[in-house]
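Counting from 1, position 74 in the sequence shown corresponds to residue 831 in our numbering; the numbering is continuous, with no gaps. Heads up, the beta-carbon is just placed ideally off N, CA and C, and yes, glycines get one too.
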Amino acid sequence: MTDRLTIRRPDDWHVHLRDGAMLKAVAGATARQFGRAIVMPNLTPPVTDVAAAEAYRARILEAVGPDSGFVPLMTCYLTDHSDPAEIRRGYETGVFAACKLYPAHATTNSAHGVTNVLALGPVLETMQRIGMPLLIHGEVTDPAIDIFDREAVFLERVLTPLIRAYPALKIVMEHITTAEAAAFVAQADHPIAATITPQHLIINRNAIFEGGLRPHAYCLPVAKREAHRLAVRKAAVSGSPRFFLGTDSAPHVVGAKESGCGCAGIYNAPFALEAYLQVFDEEGALDRFEGFAAEHGARFYGLPLNEGSVTLIRTPVEVPAMTGAGETAVVPFLAGRTLAWRLEA
Ligand code: DOR
Ligand code: ZN
């Protein structure tokens, strides 16, 4: 039995680092494990131009401290009014690594999101031409569509026409949750990949209702049936370069989750690598972990692999009931549970 695993330093291709006190409280958990992270732009107001991204990047670097070596990769929040010239300038000067597409009202701070993706012609043409990835929150927002079907319907209604119209546009389907999305990404004749979160590998939708309403198991896209969890697990451990690590760690202060209208988001950053590794171990796929965590994403983005390494040791570690205090008190994913691996300090 393998009891120590050393891999190239991994990256997190999807994280919410927030701002202000919460940024200061959570950024270290990501920087401790990951060399780089794709930082989501859904602040209030959202990060829609180069100046805002540079200022946010500076606040992140200040929060993680001068010696962390951590590299935040910034994203541009697309709106109906995004300017292709600004996006291109941001990409070509190394400020923007990608653009993020939130369908309007799909999730937290997405009110300024895009109402009709296919109307973004000049932006998408520019991104396709310069090779800039489009990161998609892939859910339709049509209230007539059942919330558990919104990802699968997005594949048909939006993603299929989009890849037909832009055959060379690099796309990442973020946080996939369904067998349909896993199959779509695995098989498409298109430069497309997907990130996968720890929660969608570990819980199914029963977790949201286990003995009562469990707000800390609620995120968007919402967890699906067990058959979907199994399909997403299979994709993650398959060794396909189209699937890679993206935690979607999304902290909300405890009162905003435990509420009459609780926010969507699971804070998994403190034990992200441990949670993923447990899944790969259970699947007998320890040999595929490094590709998923540290290689596939960088190659898809066209970035160099990280130098350096991290080591995980097979030893029990208990996830605390809470991290932070006051305005930064957050209940982490798998709070109170014991995980089988621990990241070596
Ligand atoms: O659960 C989620 N939380 N899904 C998202 O898409 C956004 C995120 C957040 O920002 O809290
Ligand atoms: Zn997210």
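Go ahead and label residue i buried or exposed: buried means 16 or more other beta carbons lie within 10 angstroms of its beta carbon, across all protein chains shown.
{"i": "Ala950", "result": "buried"}
{"i": "Pro978", "result": "buried"}
{"i": "Arg761", "result": "exposed"}
{"i": "Asn799", "result": "buried"}
{"i": "Gly777", "result": "exposed"}
{"i": "Ala868", "result": "exposed"}
{"i": "Cys1020", "result": "buried"}
{"i": "His957", "result": "buried"}
{"i": "Glu1031", "result": "buried"}
{"i": "Arg793", "result": "buried"}
{"i": "Leu970", "result": "exposed"}
{"i": "Pro955", "result": "buried"}
{"i": "Ile1070", "result": "exposed"}
{"i": "Ser1016", "result": "exposed"}
{"i": "Cys1018", "result": "exposed"}
{"i": "Thr801", "result": "exposed"}
{"i": "Ile933", "result": "buried"}
{"i": "Pro1008", "result": "buried"}
Do residue i and residue j have their C-beta atoms closer together than 8 Å?
{"i": "Pro860", "j": "Val871", "result": "yes"}
{"i": "Phe1046", "j": "Leu1034", "result": "yes"}
{"i": "Ala993", "j": "Asp768", "result": "no"}
{"i": "Tyr1058", "j": "Pro890", "result": "yes"}
{"i": "Ala1026", "j": "Ser995", "result": "no"}
{"i": "Ala943", "j": "Arg999", "result": "yes"}
{"i": "Val915", "j": "Ile902", "result": "no"}
{"i": "Arg962", "j": "Ala980", "result": "yes"}
{"i": "Ala1051", "j": "Arg766", "result": "yes"}
{"i": "Ala1092", "j": "Val1067", "result": "no"}
{"i": "Met930", "j": "Gly888", "result": "no"}
{"i": "Thr832", "j": "Met797", "result": "yes"}
{"i": "Phe751", "j": "Ala788", "result": "Summary: the structure shown does not reach residue 751, with the chain confined to residues 758 through 1102, and so no result is reported for it."}
{"i": "Ala1086", "j": "Val1011", "result": "yes"}
Please report the straight-line C-alpha distance between residue i and residue j, rounded to a whole angstrom.
{"i": "Glu1104", "j": "Leu926", "result": "Residue 1104 lies beyond the residue range present for the chain, which begins at 758 and ends at 1102; the question has no answer from this structure."}
{"i": "His771", "j": "Pro829", "result": "11 Å"}
{"i": "Asp824", "j": "Glu1064", "result": "15 Å"}
{"i": "Ile795", "j": "Asp899", "result": "28 Å"}
{"i": "Pro972", "j": "Glu908", "result": "21 Å"}
{"i": "Trp1098", "j": "Arg775", "result": "27 Å"}
{"i": "Cys976", "j": "Ala842", "result": "34 Å"}
{"i": "Val807", "j": "Ile844", "result": "8 Å"}
{"i": "Ala1078", "j": "Glu1039", "result": "24 Å"}
{"i": "Asn866", "j": "Thr759", "result": "43 Å"}
{"i": "Thr1004", "j": "Phe1090", "result": "11 Å"}
{"i": "Gly1081", "j": "Leu780", "result": "11 Å"}
{"i": "Leu987", "j": "Ala815", "result": "40 Å"}
{"i": "Thr805", "j": "Thr836", "result": "8 Å"}
{"i": "Leu919", "j": "Ala1102", "result": "44 Å"}
{"i": "Ala1029", "j": "Asp946", "result": "31 Å"}
{"i": "Arg921", "j": "Ile953", "result": "24 Å"}
{"i": "Ser839", "j": "Gly1041", "result": "45 Å"}
{"i": "Ala854", "j": "Ala784", "result": "19 Å"}
{"i": "Ala1013", "j": "Ala939", "result": "31 Å"}
{"i": "Val880", "j": "His985", "result": "33 Å"}
{"i": "Val1036", "j": "Gly822", "result": "31 Å"}
{"i": "Thr1095", "j": "Thr1072", "result": "10 Å"}
{"i": "Ser997", "j": "Gly878", "result": "31 Å"}
{"i": "Phe1001", "j": "Asp1044", "result": "14 Å"}
Could you check if residue i belongs to the surroundings of the ligand DOR, using beta carbon to heavy atom distance under 7 Å?
{"i": "Leu977", "result": "yes"}
{"i": "Thr1068", "result": "no"}
{"i": "Cys1020", "result": "yes"}
{"i": "Asn1025", "result": "no"}
{"i": "Ala869", "result": "Strictly speaking, residue 869 in this sequence is His, with Ala absent from that position. False, no ligand heavy atom lies under 7 Å from that Cβ."}
{"i": "His894", "result": "yes"}
{"i": "Phe866", "result": "The question names Phe, but residue 866 is Asn in the sequence shown. Checking the Cβ of Asn866 against the ligand DOR gives yes."}
{"i": "Asp1005", "result": "yes"}
{"i": "His773", "result": "yes"}
{"i": "His985", "result": "no"}
{"i": "Val973", "result": "Checking the sequence, you will find His at residue 973 rather than Val. Because no heavy atom of the ligand DOR lies under 7 Å away, the Cβ of His973 does not count as near it: no."}
Can residue i be considered in contact with the ligand ZN, in the sense that its beta carbon sits closer than 7 Å to one or more heavy atoms?
{"i": "Met779", "result": "no"}
{"i": "Ala1102", "result": "no"}
{"i": "Ala861", "result": "no"}
{"i": "Met758", "result": "no"}
{"i": "Asp837", "result": "no"}
{"i": "Met889", "result": "no"}
{"i": "Asp769", "result": "no"}
{"i": "Met797", "result": "yes"}
{"i": "His932", "result": "yes"}
{"i": "His957", "result": "no"}
Is residue i near the ligand ADP - that is, is its Cβ less than 7 Å away from at least one heavy atom of it?
{"i": "His1009", "result": "Absent from the structure shown: the ligand ADP. Ligands present: the ligand DOR and the ligand ZN."}
Note to self: Which runs of the beta strand (DSSP E) at least 3 residues long sit entirely within the region 917–947? Give them in chain order.
What the structure shows: Fully enclosed beta strand (DSSP E) runs of 3 or longer: 928–930.
Notebook entry, point to check: Mind pulling the alpha helix (DSSP H) runs of 4 or more residues that sit fully within the region 1001–1059?
Noted result: Those alpha helix (DSSP H) runs which fall completely within the region 1001–1059 and span 4+ residues are 1011–1014, 1029–1039 and 1053–1058.
Checklist line | alpha helix (DSSP H) runs contained entirely in the region 786–873, provided each spans 4 or more residues | finding: Unbroken alpha helix (DSSP H) stretches of 4 residues or longer found wholly inside the region 786–873: 807–821 and 841–849, given in chain order.
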